[in-house]
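**Student:** What follows is a single structure, and I will ask about it in a moment.
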Amino acid sequence: MEQRNPADTSLGRPLDGWRLRLYTIIFEADTRAGRSFDIVLIIAILLSVLFVMLGSVATINAKYSAVFSWVEIGFTALFTLEYVARLACVKYPMRYALSFFGIVDLLAMLPSYLALFFPEVYVLVDVRVLRLLRIFRIFKLTAYLTEFTTLGLALRASARKILVFLSVVLMVVVIMGTVMYAVEGPAHGYTSIPASIYWAITTMTTVGFGDITPKTDLGRFIASTMMLMGWGVLAVPTGIVTAEMTAQRRHFMSTPTTRTCQECLSEGHAADANFCQHCGARLPAYQSEAAAKIS
27 MEQRNPADTS
37 LGRPLDGWRL
47 RLYTIIFEAD
57 TRAGRSFDIV
67 LIIAILLSVL
77 FVMLGSVATI
87 NAKYSAVFSW
97 VEIGFTALFT
107 LEYVARLACV
117 KYPMRYALSF
127 FGIVDLLAML
137 PSYLALFFPE
147 VYVLVDVRVL
157 RLLRIFRIFK
167 LTAYLTEFTT
177 LGLALRASAR
187 KILVFLSVVL
197 MVVVIMGTVM
207 YAVEGPAHGY
217 TSIPASIYWA
227 ITTMTTVGFG
237 DITPKTDLGR
247 FIASTMMLMG
257 WGVLAVPTGI
267 VTAEMTAQRR
277 HFMSTPTTRT
287 CQECLSEGHA
297 ADANFCQHCG
307 ARLPAYQSEA
317 AAKIS
């Protein structure tokens, strides 16, 4: 009996033939087909979200409910085919299905199927909530824009600094809220320390709902100081993220391609790279419209 090669299993067989061509079109955008695929999918995502928003308007939905239903069926079918195609062309389908973008792809179409099979089980499935969940389709745009990737990496790199900064802000609002509770007291709306901390947070973040306001001169002085401190609260994390985004931009300028690793699905590898910069796996031959013209 012929033994099957473990490398040929559906979860890990090497990409070649139609799977490699489909993979290049779906996951990379340096070819004409890949760029066209991304543009069409971005337009479909934006249109689907637009129709969901229009469908939430009662007067429009009452007049064009049948149109909205057929449009939703069409978008659901389109995103289902895209999801199946992604699973079919990646080397490890389960790894992609459990990734962030794989879950987003599933959320983009799953509510429509749940509403189809459980239209009257309102205890378990509220159709209105499912319609709102279709807004998750907008997150699919992050897979096609390098700027989203840059921002995500910058936020990840800034997470520790921002966490330290937020801890300092938390200590300040706790201290100032306690001070205002002692200065103003329940007579002026500062009924408890938690309520005073709520006031300190809204004041320092320059929101200032106005439901609690100081009445004494000392309290107003403290409030004025916290309002001025609020400018610094806005500036510090902005500067941290901006610095990290500048560093990420320099990195992407040196690796401007959409070349994707088949093992970990990471993007941004240099055109002349032979191995993935994240997992070390060997990269397939780079395919781009420019390279095809040269050859």
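Residue numbering for the sequence shown follows this note's numbering, beginning at 27 and increasing consecutively.
Glycine included, C-beta positions come from ideal geometry on N, C-alpha and C.
1. If contacts are defined as beta-carbon pairs under 8 angstroms, then Ile68 and Ala59 qualify, I think. What distance do you get, rounded to the angstrom?
2. Check whether the stretch 227 to 241 and the stretch 252 to 268 touch, using three or more Cβ-Cβ pairs below 8 angstroms as the test.
3. Could you give the residue range of the alpha helix (DSSP H) that holds Glu108?
4. Could you tell me whether any non-hydrogen atom of the ligand NAD is closer than 8 angstroms to the CB of Lys241?
5. If Tyr49 sits next to Gln288, beta carbons under 8 angstroms apart, how far is it from one beta carbon to the other, in whole angstroms?
6. Considering Cα atoms alone, identify which of Thr264, Ala88, Ser138, Thr239 is closest to Phe191.
7. Report the rounded CA-to-CA distance for Ser74 versus Trp96, giving the unit in angstroms.
8. Quick one: complete alpha helix (DSSP H) runs, 4+ long, within the stretch 188 to 268?
9. For Gly178, which option in Ala296, Thr85, Glu270, Arg61 has the closest C-alpha, if you only look at C-alpha atoms?
10. Exposed or buried, which one is Lys241 when buried takes at least 16 other CB atoms within 10 Å?
11. How many angstroms separate the CA atom of Thr286 from the CA atom of Glu54?
12. How would you label Pro137, buried or exposed, when you count the other beta carbons within 10 angstroms and need 16 or more for buried?
13. Could you pull the DSSP bridge partners for Phe301 from this structure?
14. With Ala59 as the anchor, note down where its alpha helix (DSSP H) starts and where it stops.
15. Compute the Euclidean distance between the alpha carbons of Asp42 and Pro310, then round it to the nearest angstrom.
16. State the CB to CB distance for the pair Ser125 and Leu291, rounded to an integer number of angstroms; the pair is presumed to be in contact (CB under 8 angstroms).
17. Given this structure, state the Cα-to-Cα distance separating Val1 from Ala123, to the nearest angstrom.
18. Do Phe101 and Asp131 have their CB atoms nearer than 9 angstroms?
19. If you draw a straight line from the alpha carbon of Leu150 to that of Tyr139, how long is it in whole angstroms?
20. Assuming Ile219 contacts Gly203 (C-beta within less than 8 angstroms), just tell me the rounded distance between them.
21. Starting from the C-beta of Phe63, find all residues in its chain whose C-beta is less than 7 angstroms away, skip the five residues before and the five after it, and write them out in chain order.
22. By the DSSP assignment, the alpha helix (DSSP H) with Ala55 in it spans what residues?
23. Please tell me whether Val326 and Ile238 are closer than 9 angstroms, where the distance is taken between their beta carbons.
24. Please classify Thr284 as buried or exposed, where buried requires at least 16 neighbouring CB atoms within 10 angstroms.
25. Can you give the Cα-Cα distance for Pro212 and Ala221, rounded to whole angstroms?
26. Could you compute how far the alpha carbon of Tyr118 sits from the alpha carbon of Ala249?
27. How would you call Asp243, buried or exposed, if buried means at least 16 neighbouring beta carbons within 10 angstroms?
28. Please state whether the Cβ-Cβ distance between Ala103 and Arg45 is less than 9 angstroms.
29. Assign Ile71 to one of two classes, buried (16 or more other C-beta atoms within 10 Å of its C-beta) or exposed (fewer than that).
30. Pick helix, strand or coil for Tyr323, following the three-state DSSP scheme.
**Tutor:** For this structure:
1. About 15 angstroms; that fails the 8 angstroms criterion.
2. yes
3. 91 to 115
4. As for the ligand NAD, it is missing from this structure, which has no ligand bound.
5. 7 angstroms
6. Thr264
7. 12 angstroms
8. 219 to 230
9. Glu270
10. exposed
11. 6 angstroms
12. buried
13. Arg308
14. 58 to 81
15. 10 angstroms
16. 7 angstroms
17. Since the first and last residues shown for the chain are 27 and 321, residue 1 lies out of range.
18. no
19. Only weak support is given to the placement of Leu150: the predicted model assigns it a pLDDT of 39, under 50, and the question is left unresolved by the model.
20. 6 angstroms
21. Ile51, Ile52
22. Counting along the chain, Ala55 falls outside any alpha helix (DSSP H), and DSSP gives it neither H nor E.
23. Outside the displayed range of the chain (27 to 321) lies residue 326, so it cannot be described from this structure.
24. buried
25. 10 angstroms
26. 57 angstroms
27. exposed
28. no
29. buried
30. No statement about residue 323 is possible, as the shown extent of the chain runs from 27 to 321 and does not include it.
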